[in-house]
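Chains D and L, in that order, are what the protein sequence lines are. For the first sequence, our numbering assigns the number 59 to the initial residue and increments by one for each residue that follows. For the second sequence, our numbering assigns the number 59 to the initial residue and increments by one for each residue that follows. Each residue gets a CB set at the ideal place from its N, CA and C atoms; glycine is no exception. These numbers were taken from a predicted model, which means no experiment stands behind them. Report on one structure; see the data block that follows.
There are 2 protein chains.
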Amino acid sequence: MHLTRYTDYALRVLIFLAVKGDERATIHEIAESFGVSRNHLMKVVQDLSHRGYITTIRGKHGGLLLSRAPEEISLGGLVRDTEHELGLVECLRDGNDCIITPACRLKPIFNEALEAFLAVLDRYTLADMLGPRQPQLARLMQIAISPA
Amino acid sequence: MHLTRYTDYALRVLIFLAVKGDERATIHEIAESFGVSRNHLMKVVQDLSHRGYITTIRGKHGGLLLSRAPEEISLGGLVRDTEHELGLVECLRDGNDCIITPACRLKPIFNEALEAFLAVLDRYTLADMLGPRQPQLARLMQIAISPA
DNA sequence: CGCTAAGCAGTATTTTATATACATGTTAAA
DNA sequence: TTTAACATGTATATAAAATACTGCTTAGCG
């Protein structure tokens, strides 16, 4: 049971931006910092932008900013938005052709379990991911801490 | 977020055997009934056998039987046994090299969510998957209902 | 005794989802 | 008008999972 890297990267982008505060960050910078594919990250960024999580600024000296306060970004919401396929088993997905589906109780049970999973994430926000360790995170991501 | 078909097939094998009751079922028969790979199913079956879920009988007129009552087979336990990789994101897996892991709170949060997921499954058993619909399941799986 | 139907085990191939790379376009500041 | 950023679409590569193949072992039956 895995989430995709797509979702993982979305989380990392948001963490990076949260730590940066009001300073713009570029995709290139974030990709470098985490050592991941710049191109893949770009798609994640576009998605986050379309969904209203971040603001993108084109052109020279462009970059990215959070559009909402970290306290207002729910992890549950994010996972629902970025993890495109949450159908845990075949019977929960499109094109299901498991023959016993009409009589089998797997579906409601796994749905309940998935809801419990997401409910936990709903209780946390991006702010909870940073906690009191923002300076340490900044160091790890090699962000030059901006003078306030 | 998907479980593997491996886990899915394990569930189906157990359901099949539960409906069959004390009659033996062959791997071939189960694979045919669900229209899935006989070879893959065989590996699932071996695993289930090693873990004590089912008893296998070799030789002519051999086959498979449940080793425990359906009420005693927990779904949570089964998923923990058959879903080999439960590390949802990179930082929960071996070989993690996400640079912010030391300061990031993703790990405990996703662990909590995973525990909530499994806790729901822990509340159900194989018997709950059948419910009162055993005859309907038997029909769907094309099991000739054995006279009691 | 040996044939046959079943499970056992290891390896190899195929498939699929995901991730990555590439090529080109658009925007806006300097 | 150049340059540094994001935008978009397509193609390729990678890795995990599923499936197939080959040969072996066990045990009932005639």
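Worksheet item: Which partner residues of residue 124(L) appear in the DSSP bridge assignment?
Response: Within the second sequence, residue 124(L) is the residue found at index 66, counting from 1. Residue 124(L) is bridged to 112(L).
Worksheet item: Starting from residue 86(L) and walking both ways along the alpha helix (DSSP H), at which residues does that stretch end?
Response: By 1-based counting over the second sequence, the position of residue 86(L) is 28. Note, residue 86(L): alpha helix (DSSP H), 85-92.
Discussion item. Using C-beta distances below 6 Å, list every residue in its chain close to residue 141(L), excluding the 5 sequence neighbours before and after it, in chain order.
Written reply: What you label residue 141(L) is simply residue 83 of the second sequence in a count that begins at 1. Closer than 6 Å at Cβ, skipping near neighbours: 61 and 65.
Worksheet item: Nearest CA to the CA of residue 118(D): which residue from 139(D), 83(D), 93(D) and 108(D)?
Response: Your numbering for residue 118(D) matches position 60 in the first sequence. Of 139(D), 83(D), 93(D) and 108(D), the residue nearest in Cα terms is 83(D).
Item to complete: Check the C-beta distance from residue 102(L) over to residue 114(L) and give it rounded, since I have them as a contact under 8 Å.
Response: Mapped onto the second sequence, residue 102(L) falls at position 44. Mapped onto the second sequence, residue 114(L) falls at position 56. Not a contact, Cβ separation roughly 12 Å.
Discussion item. Against residue 138(D), what residues of chain L qualify as contacts under a CB-to-CB distance less than 8 Å, listed in chain order?
Written reply: Translated into the one-based positions of the first sequence, residue 138(D) becomes position 80. Result: empty, since nearest Cβ-Cβ is about 11 Å, beyond 8 Å.
Worksheet item: Does the count of Cβ pairs from the region 154-161 of chain D and the region 157-166 of chain L closer than 8 Å reach three?
Response: no
Worksheet item: In this structure, does DSSP put residue 95(L) in helix, strand or coil?
Response: In the second sequence, residue 95(L) corresponds to position 37, counting from 1. If DSSP states are grouped into helix, strand and coil, residue 95(L) belongs with coil.
Fill in: Supposed contact pair residue 147(L) and residue 170(D) - C-beta distance, whole angstroms, cut 8 Å
The residue labelled residue 170(D) in the question sits at position 112 within the first sequence. The residue labelled residue 147(L) in the question sits at position 89 within the second sequence. That belief does not hold up - the Cβ atoms of residue 170(D) and residue 147(L) are roughly 23 Å apart, past 8 Å.
Item to complete: For residue 66(D), go through chain L and note every residue whose CB falls closer than 7 Å to its CB, in chain order.
Response: In the first sequence, counting from the first residue as 1, residue 66(D) sits at position 8. Within chain L, 147 and 148 have C-beta atoms less than 7 Å from the C-beta of residue 66(D), given in sequence order.
Worksheet item: Could you give the C-beta distance for residue 124(L) and residue 72(L), rounded to a whole number, given that I count them as a contact under 8 Å?
Response: Residue 124(L) sits at position 66 when you count from the first residue of the second sequence. Residue 72(L) sits at position 14 when you count from the first residue of the second sequence. The pair is a contact, with the Cβ atoms about 7 Å apart (cut-off 8 Å).
Discussion item. Taking DSSP's pairing of strands, which residues face residue 132(D) in a bridge?
Written reply: Residue 132(D) sits at position 74 when you count from the first residue of the first sequence. Per DSSP, 183(D).
Worksheet item: Using the rule of at least 16 other Cβ atoms within 10 Å of the residue's Cβ for burial, across every protein chain shown, is residue 128(D) buried or exposed?
Response: To locate residue 128(D), count along the first sequence from 1; it is residue 70. Counting Cβ neighbours within 10 Å, residue 128(D) comes out buried, since at least 16 surround it.
Worksheet item: What are the partner residues of residue 60(D), as DSSP defines its beta bridges?
Response: Sequence index remark: in the first sequence, residue 60(D) carries index 2 (1-based). Answer is 60(L).
Worksheet item: What's the gap between the Cα of residue 168(L) and the Cα of residue 94(D)?
Response: Residue mapping note: residue 168(L) aligns to position 110 of the second sequence, counting from 1. Residue mapping note: residue 94(D) aligns to position 36 of the first sequence, counting from 1. Approximately 21 Å, taken between the alpha carbons.
Worksheet entry | Enclosing alpha helix (DSSP H) for residue 197(L) [first to last residue] | In the second sequence, the residue the question calls residue 197(L) occupies position 139. That run of the alpha helix (DSSP H) goes 192-198.
Worksheet item: So is residue 158(L) in contact with chain D if we call contact Cβ pairs under 8 Å?
Response: In the second sequence, the residue the question calls residue 158(L) occupies position 100. True, the Cβ-Cβ gap to chain D drops below 8 Å.
Worksheet item: Whole-angstrom Cβ separation of residue 68(L) and residue 136(L), contact assumed at under 8 Å?
Response: Position 10 of the second sequence, counted from the start, is the residue given in the question as residue 68(L). Position 78 of the second sequence, counted from the start, is the residue given in the question as residue 136(L). That pair is a contact at about 6 Å.
Worksheet item: If you check the beta carbons only, do residue 107(D) and residue 183(D) fall under 8 Å apart?
Response: Residue numbering aside, residue 107(D) sits at position 49 when the first sequence is read from its first letter. Residue numbering aside, residue 183(D) sits at position 125 when the first sequence is read from its first letter. Not in contact: residue 107(D) and residue 183(D) (Cβ atoms no closer than 8 Å).
Discussion item. Which same chain residues end up closer than 7 Å to residue 187(L) when comparing Cβ atoms and leaving out the 5 residues on each side of it in sequence?
Written reply: Sequence index remark: in the second sequence, residue 187(L) carries index 129 (1-based). 73, listed in sequence order.
Fill in: Contacts of residue 88(D) in chain L (Cβ-Cβ under 8 Å)
Taking the first sequence and counting its residues from 1, one reaches residue 88(D) at position 30. Result: empty, since nearest Cβ-Cβ is about 12 Å, beyond 8 Å.
Worksheet item: Which whole-angstrom value describes the C-beta separation of residue 109(L) and residue 139(L), a residue pair presumed to lie in contact below a C-beta threshold of 8 Å?
Response: Along the second sequence, one-based indexing puts residue 109(L) at 51. Along the second sequence, one-based indexing puts residue 139(L) at 81. Yes, they are in contact, since the Cβ atoms of residue 109(L) and residue 139(L) sit about 5 Å apart, within 8 Å.
Discussion item. Please return the same chain residues whose Cβ sits closer than 6 Å to the Cβ of residue 191(D), not counting the five positions on each side in sequence.
Written reply: One-based indexing of the first sequence puts residue 191(D) at position 133. No residues qualify anywhere along the chain.
Discussion item. Looking at chain D, is there any beta carbon in it that lies within less than 8 Å of the beta carbon of residue 81(L)?
Written reply: Stepping through the second sequence from its first residue, residue 81(L) is reached at position 23. Not an interface residue.
Discussion item. Measuring straight from C-alpha to C-alpha, what distance separates residue 122(D) and residue 78(L)?
Written reply: Reading the first sequence from its first residue, position 64 is the one you call residue 122(D). Reading the second sequence from its first residue, position 20 is the one you call residue 78(L). The alpha-carbon atoms of residue 122(D) and residue 78(L) are separated by roughly 59 Å.
Discussion item. When you compare the CB positions of residue 92(L) and residue 70(L), do they come within less than 8 Å of one another, or not?
Written reply: Counted from its first residue, the second sequence places residue 92(L) at position 34. Counted from its first residue, the second sequence places residue 70(L) at position 12. It is a contact, given that the beta carbons lie within the stated cut-off.
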